[in-house]
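Written below as structure tokens is the structure these notes are about.
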Amino acid sequence: MVELAQKNKNIVGITPAMPTGSSLKYMMEQIPGRAFDVGIAEQHAVTLAAGMATEGLVPFCTIYSTFLQRAYDQVIHDVAIQNLPVIFCLDRAGIVGQDGATHHGVYDIAYLRCVPNLYIFAPMNETELRNMMYTAQLGLNHPIAIRYPRGRGVQEKWQTPFEKIEIGKARELKKGSEIAILTIGHIGNTISTVIKEIAEKEKIGHYDMQFVKPLDKNLLIDIFKHYKHIITLEDGCKMGGFGSAILELANELGHTQKIHILGIDDIFLEHGTVEQLHEQAKIDPLSITKHIKMLLNE
Amino acid sequence: MESLLNYITYPEDLRKLSVDQLSQLAKELREFIIDIVATKEGHLGASLGVVELTIALHYVFNTPDDKLIWDVGHQAYGHKILTGRKEIFDTNRQLGGISGFPKRSESSYDAFGTGHSSTSISAILGMAMAAQLNGKNNRQHIAVIGDASIASGMAFEALNHLGSTNSNVLVILNDNAIGIDPSVGALKKYLTNVKKGIAKDENIFECLNFHYTGPIDGHDLNALVNELDHLKLVAGPKLLHVITTKGKGLKKAEENQVTYHAPR
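Protein chains in written order, with my numbering: chain Z, 1 to 298; chain G, 299 to 562.
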């Protein structure tokens, strides 16, 4: 973000009291005039960003997924209705681990997906995150939420050159013949690992959807036609989430194969390590492998 | 007497009047609002209460270059009528007509869309900070917020941030001691004491680093114009405490403010 802000003078950063947690401190140190900690004030942070966007600034509003819940009305009423191009960076999206039920960022896809005008993007790796931030600051004419989990990245060399991302475009990581696995965000890396361990890997396709909204409809039409089974995987709640969006589209298009939605059930997960909680939610490598094998044996 | 309102389409027309003529205009604007709302429904009381304030703001400030946000927005009928929408005001709140609330896509004079309470200070601060970054140092930024709305958590979040900046923002506290129903709480009690002159010495807004003036009579156009003229020259965060009567000028609305919030 500092890299981008040094080139684009319109970029400003806003955080409600999480400069260290959300890494805005780097910008506050290097470009203090354009990076603001507004205190524990999520609602204010969102509407402040909206006010700045009306003046042509490019606000990156960095808020933990769980804390954006506190500013939901501001997202709808002050940003989305007026279609102001605020860029929400939702840190700590997904299961966060030991902070537990109060802090898991597992509802954002569901609660943002129903809001018109708003794009939702989740990067699988650092390059996708960098490229989306780059693309967003070029000017989208829409607000966007970029959600990513807590923790370190997956790439050794993360400082890749910036490239523009096409809005609503998914990536085909691997073609298959029977099972299509559609993933959103960082948890897609789990599938890349899982597929390596499966004997009949040629039967499995893997798609990194990148956008929950807008969905890559053209690609999905091909996928629905081509594959017998569809699995969706997200680090978020099942109800109203990414898998739900795929299911709605399939239904709208008249495709009738079963869509296997993997995500978090309609319960509050408690605290534990991220790995333990993924096991509870059956979105860990072993549970996913079992699910795939069951489908292969059908 | 000849109508002044007939000659006003935009605030630039209003600015050609002398201060002495403004009270006649206020009378006409009030009648215009009552006539329309009598036949078309809508939010009546709040708009009647800020007729003088609306005129004074557009008279003193250079809208739409200066930014003006109406918190909640249902008190903005007078604002709409004076900013190019007089002729279509009878379509207020109807399908395909103008919105009952400020709306950016409707007019450049509607700096920020509102509808829910307590957002105006955050949004105006965002604009004021943007002005500082963009070198627009002379631009004025005004948020008009009621005493019920300023008591919400979000408004305090914004005051807390604004008071720590040197941003050029004027918050106008429109104190009529009522939201839709009468205001409640310790802040309301404090504001009542300020009005009676029996509040403790320290002013709550001055403690938050605001330049505080008031309370002044929000229906006295001379006082409003003088004070706003003066505040234009004061840099940084400012708060002007204005006392108004919801439903002002319509006896039934003044006496029964809850019913006349939005009469049917």
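We put the CB at the ideal spot given by N, CA and C, even for glycine.
If you draw a straight line from the alpha carbon of G/Ile353 to that of G/Lys314, how long is it in whole angstroms?
Counting from one through the second sequence, the residue named residue 353 of chain G turns up at place 55. Counting from one through the second sequence, the residue named residue 314 of chain G turns up at place 16. So the two alpha carbons sit approximately 12 Å from each other.
Nearest chain Z C-beta to G/Ala449 closer than 8 Å, yes or no?
What you label residue 449 of chain G is simply residue 151 of the second sequence in a count that begins at 1. For G/Ala449, the nearest beta carbon of chain Z is not closer than 8 Å to its own beta carbon.
If you reduce the DSSP assignment to three classes, tell me which class Z/Leu4 lands in.
Taking the first sequence and counting its residues from 1, the one referred to as residue 4 of chain Z is at position 4. Z/Leu4: helix per DSSP, three-state reduction.
For G/Thr468, count neighbouring C-beta atoms within 10 Å of its own C-beta (all shown protein chains included) and say buried if the count is 16 or more, exposed if not.
The sequence position of residue 468 of chain G within the second sequence is 170, counting from 1. Correcting the residue identity first, residue 468 of chain G is Leu in this sequence and not Thr. G/Leu468 should be labelled buried.
Using the beta-carbon count (16 or more within 10 Å), is Z/Lys213 buried or exposed?
The residue given as residue 213 of chain Z occupies position 213 in the first sequence. With 16 or more other Cβ atoms within 10 Å, it is buried.
Can you say whether G/Tyr305 is buried or exposed, counting buried as having 16 or more other CB atoms within 10 angstroms of its CB?
Reading the second sequence from its first residue, position 7 is the one you call residue 305 of chain G. By the 10 Å Cβ count, G/Tyr305 comes out exposed.
Using a beta-carbon distance below 8 Å, is Z/Met344 in contact with chain G?
No answer is possible for residue 344 of chain Z: the residues shown for chain Z start at 1 and end at 298.
Among G/Ile541, G/Cys505, G/Glu525, G/Asp499, whose alpha-carbon lies nearest the alpha-carbon of G/Pro513?
Numbered from 1 along the second sequence, position 215 holds the residue referred to as residue 513 of chain G. Of G/Ile541, G/Cys505, G/Glu525, G/Asp499, the residue nearest in Cα terms is G/Ile541.
Residue-level contact to chain G via CB, Z/Met28, 8 Å cutoff:
The residue given as residue 28 of chain Z occupies position 28 in the first sequence. With 8 Å as the cut-off, Z/Met28 does not count as an interface residue toward chain G.
Residues in its own chain within less than 7 Å of G/Lys401 by CB, not counting five upstream and five downstream?
Numbered from 1 along the second sequence, position 103 holds the residue referred to as residue 401 of chain G. Taken in chain order, the residues that qualify are Asp408, Gly411.
Run the CB neighbour count on Z/Pro32, radius 10 Å, all protein chains shown included, and call it buried at 16 or more, exposed below.
Numbered from 1 along the first sequence, position 32 holds the residue referred to as residue 32 of chain Z. Classification for Z/Pro32: exposed.
Between the Cα of Z/Asn10 and the Cα atoms of Z/Glu197, Z/Ala49, Z/Thr289, which residue gives the shortest distance?
Position 10 of the first sequence, counting from 1, holds the residue named residue 10 of chain Z. Checking every option, the nearest Cα to that of Z/Asn10 belongs to Z/Ala49.
Taking only three categories from DSSP, how would you classify Z/Glu234?
Stepping through the first sequence from its first residue, residue 234 of chain Z is reached at position 234. Three-state result, Z/Glu234: strand.
Report the CB separation of Z/Ala122 from Z/Ile184 in whole angstroms; it is logged as a contact under 8 Å.
Indexing the first sequence from 1 puts residue 122 of chain Z at position 122. Indexing the first sequence from 1 puts residue 184 of chain Z at position 184. Rounded, the Cβ-Cβ distance is 5 Å, consistent with contact.
Are Z/Asn85 and Z/Ala53 touching if we call contact CB-CB under 8 Å?
Within the first sequence, residue 85 of chain Z is the residue found at index 85, counting from 1. Within the first sequence, residue 53 of chain Z is the residue found at index 53, counting from 1. What sits at residue 85 of chain Z in the sequence shown is Pro, not Asn. Yes.
At the 8 Å Cβ level, is Z/Gln98 part of the contact set with chain G, yes or no?
Numbered from 1 along the first sequence, position 98 holds the residue referred to as residue 98 of chain Z. Cβ-Cβ to chain G under 8 Å: no for Z/Gln98.
Pair within 8 Å by beta-carbon distance, Z/Leu218 and Z/Ile165
In the first sequence, residue 218 of chain Z corresponds to position 218, counting from 1. In the first sequence, residue 165 of chain Z corresponds to position 165, counting from 1. The sequence shown places Asn at residue 218 of chain Z, rather than the Leu named in the question. No. Outside cutoff.
Under 7 Å Cβ-Cβ, which residues of chain G neighbour Z/Leu48?
As a working note, residue 48 of chain Z is residue 48 in the first sequence. By Cβ distance, chain G contributes Ser420, Leu423, Gly424.
Buried/exposed call for Z/Trp158, threshold 16 Cβ in 10 Å
Within the first sequence, the letter at position 158 stands for residue 158 of chain Z. Burial call: exposed.
Beta-carbon spacing of Z/Ala80, Z/Asn117 below 8 Å:
The residue you call residue 80 of chain Z lines up with position 80 of the first sequence. The residue you call residue 117 of chain Z lines up with position 117 of the first sequence. It is a contact, given that the beta carbons lie within the stated cut-off.
Backbone CA spacing between Z/Gly56 and Z/Tyr148 [nearest angstrom]
Locating residue 56 of chain Z in the first sequence gives position 56, where the first residue counts as 1. Locating residue 148 of chain Z in the first sequence gives position 148, where the first residue counts as 1. Those two C-alpha atoms are separated by around 26 Å.
Tell whether a beta-carbon distance below 8 Å holds between Z/Phe224 and Z/Ala250.
Counted from its first residue, the first sequence places residue 224 of chain Z at position 224. Counted from its first residue, the first sequence places residue 250 of chain Z at position 250. Z/Ala250 is positioned such that its CB atom lies closer than 8 Å to that of Z/Phe224.
Length of the line joining the Cα atoms of G/Ile331 and G/Ser345:
Your numbering for residue 331 of chain G matches position 33 in the second sequence. Your numbering for residue 345 of chain G matches position 47 in the second sequence. Looking at the two C-alpha atoms, the distance is approximately 8 Å.
Taking only heavy atoms of the ligand NAD into account, decide whether any of them is closer than 7 Å to the Cβ of G/Met452.
Looking at this structure, you won't find the ligand NAD or any other ligand, since it has none at all.
Going straight from the alpha carbon of Z/Ile288 to that of Z/Val194, what length do you get?
Here residue 288 of chain Z corresponds to residue number 288 of the first sequence, with the count starting at 1. Here residue 194 of chain Z corresponds to residue number 194 of the first sequence, with the count starting at 1. Those two C-alpha atoms are separated by around 8 Å.
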